[in-house]
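Note sheet for the following structure.
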Amino acid sequence: MNDQEIKIGVYYIATGPYKVLFPEFLESLQNFYPPYKKVVKVISDGLEEYAIYEKGNVKVELCPRINHYPWPVVTLYKMWNILENRDDTCDFCCYFNGNAQVFPHDMDVFSSDKLTTSYHSFNTKTIPYDPWPHISLDPNSVAYLENGTYEYVQAAFFFGPRDLFYQMCEEVNAMVKDDTGRYLFAQWHDESYLNKWCVMHPEFVEKKYVLAAYSDDVDETRFVHLRDKRNYDINK
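Numbering (the numbering used here), first residue to last: 33 to 268.
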């Protein structure tokens with residue numbers, strides 16, 4: 033990303049008890065590409081008190097209200113909710129998980145022409161995380177991939193140029209529609225479909241460590257800390 037004036041669309045989804053996570057996230061967003069304008073697309077069943085929020089280069093825009101549906105409806109339709117609030121005035125777009133907290137980072141951490149995704153946040157600098165014992169995809173699902181044949185990414189964060197970002201959302205939505213039309217639901221919902229998309233389009237994807245489940249792992253390139261939701265008394 034060069035030094036020209038850039039606008040970044042930041043998608044954030046929080047309903048029900050998850051709304052308690054928003055204030056800390058919003059304040060921490062001052063650390064995210066500080067020179068660039070950021071519009072936070074808040075998709076929620078509340079948070080109206082932030083309707084006129086503007087601080088530094090961060091501005092909040094409340095999207096049409098959604099319901100707090102039972103798990104996992106909201107996350108399964110994450111990409112659908114993003115596309116419902118498409119903003120073609122943005123140069124880049126990204127999604128942050130509800131429990132994300134952003135720290136200062138290397139300004140050159142992302143590619144300007146690829147979708148950046150993150151390996152699993154539980155993989156620390158000293159202890160690798162093996163996702164495969166937790167993954168058992170239905171072979172009939174569009175999202176199916178054979179365990180151990182690809183590098184697994186977490187859907188708690190992704191960033192990319194606007195058109196590629198929305199292209200991914202459209203193609204993931206098509207996969208979700210295909211599966212749900214046959215009464216199938218991928219094991220890890222939007223994350224399963226995101227992994228399938230990344231495998232299908234390796235030329236458009238850059239995988240790296242951006243997310244950290246443990247604060248000790250935060251540094252200039254791994255700068256998005258996923259706060260422990262149990263500390264906020266949040267259950268699915």
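The beta-carbon is built from N, C-alpha and C at its ideal position, and this holds for glycine as well.
- Annotation: Gln-62 is outside any alpha helix (DSSP H) and is labelled neither H nor E by DSSP.
- Bounds of any beta strand (DSSP E) do not take in Gln-219, whose DSSP letter is neither H nor E.
- Pro-193 is bridged by DSSP to Phe-124.
- When the five nearest sequence neighbours on each side are left out, the beta carbons in the same chain lying within less than 8 Å of the beta carbon of Ser-150 are those of Val-185, Gln-186, Ala-188, Phe-189, Phe-190, Lys-239, Lys-240, Tyr-241, Val-242, Leu-243, Val-256, in order along the chain.
- Taking 7 Å as the cut-off, the Cβ atoms of Phe-124 and Ile-40 count as close.
- The same chain holds no residue with a CB closer than 7 Å to that of Glu-116 once the five nearest residues on each side in sequence are set aside.
- Each of Glu-235, Arg-214, Ser-224 was checked against the Cα of Asp-145, and the nearest Cα belongs to Glu-235.
- A check of alpha carbon separations from Pro-163 across Val-237, Ile-266, Asn-227, Pro-66 identifies Asn-227 as the nearest.
- Pairwise C-beta distances place the region 202-222 in contact with the region 164-178, as three or more of them are shorter than 8 Å.
- Judged by beta-carbon spacing, Lys-91 lies within the 7 Å limit of Val-71, meaning their Cβ atoms are closer than that value.
- From the listed residues Pro-160, Pro-171, Gln-199, Phe-142, the smallest Cα separation to Phe-64 is found for Phe-142.
- Inter-residue distance for Cys-126 and Asp-195 is about 12 Å (C-alpha atoms, whole angstroms).
- Inter-residue distance for Asp-248 and Thr-156 is about 9 Å (C-alpha atoms, whole angstroms).
- Assigned with DSSP and collapsed to three states, Glu-202 falls in helix.
- Boundaries of the beta strand (DSSP E) harbouring Leu-94: 90-94, taken from the DSSP string.
- Counting only runs of 4+ residues, the alpha helix (DSSP H) found wholly inside the region 222-246 occupies 222-232, in chain order.
- Counting along the chain, the unbroken alpha helix (DSSP H) around Val-105 starts and ends at 105-108.
- In the DSSP assignment, Ala-83 falls outside any beta strand (DSSP E) and carries neither an H nor an E.
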